[in-house]
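Residue numbers (this note's numbering): 111 to 258. Working notes, structure below.
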Amino acid sequence: MLTDRSSNSEFAEQFPNASVIGTDLSPCQPQWVPPNLCFEIDDASLEWTWNANQFDFIHMRFIVGGGWVESVEYEPEFRSDDETTELEPVLTSYEELFRKASKVLNRPLFVEEIQPQAFANAGFIEKRVARVKTPIGPWASHETSQTR
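Shown next, in the form of structure tokens:
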């Protein structure tokens with residue numbers, strides 16, 4: 111389920127297999143909307159009334175000029191500083207399966223590949239990317255990088 115906090119029926123048209131809830135402060139809505147879209151009167155700046163974990167995606171246009179957006183994306187890829195992941199073919203297979211599933215389902219799992227263009231299309235000018243290592247096991251050489 112998706113929520114479109116900007117009341118934009120184009121979003122529902124773009125994703126016809128999704129259930130979309132559009133919200134607005136005003137009860138006036140378009141005459142025709144896609145069958146997968148319903149509207150609710152709500153204020154996105156107040157505490158939300160929906161249950162936690164109800165939405166798979168939230169589409170909002172709620173930022174003033176000069177505002178900042180931070181996006182944290184985890185990608186199903188394994189890397190190591192000493193390139194030992196290349197010695198484990200199962201990890202490469204895992205990544206390839208995720209890529210295939212992403213294409214079959216038409217759901218991007220490798221968001222980093224499409225996000226720069228999406229931010230540019232939305233009008234963002236300054237972009238910064240920070241890559242952060244996420245340890246996945248106890249074998250990291252530095253104790254603070256180990257997971258237990």
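The beta-carbon is built from N, C-alpha and C at its ideal position, and this holds for glycine as well. Since the structure is predicted, the reported quantities are computational estimates derived from the model, not experimental observations.
Any idea what DSSP makes of T133, helix, strand or coil?
Note: T133 maps to strand in three-state DSSP.
Can you tell me whether DSSP reads L197 as helix, strand or coil?
If DSSP states are grouped into helix, strand and coil, L197 belongs with the helices.
Determine the burial state of G132: buried for a count of at least 16 other Cβ atoms within 10 Å of its Cβ, exposed for fewer.
G132 is buried by the Cβ-count criterion.
Grab the span of the beta strand (DSSP E) containing F188 for me, first residue to last.
Per DSSP, F188 belongs to no beta strand (DSSP E) and is neither H nor E.
Under the three-state reduction of DSSP, which class applies to L156: helix, strand or coil?
Coil.
For a test of your reading of the model: does the CB of D166 fall under 7 Å from any non-hydrogen atom of the ligand ZN? Yes or no.
In terms of ligand content, the structure shown is empty, and the ligand ZN therefore cannot be addressed.
Decide yes or no for the touch test of the region 157–168 against the region 198–206: beta carbon pairs closer than 8 Å, at least 3 of them.
The region 157–168 vs the region 198–206: no contact.
Does DSSP put F229 in a helix, a strand or coil?
Residue state, collapsed to three classes: helix.
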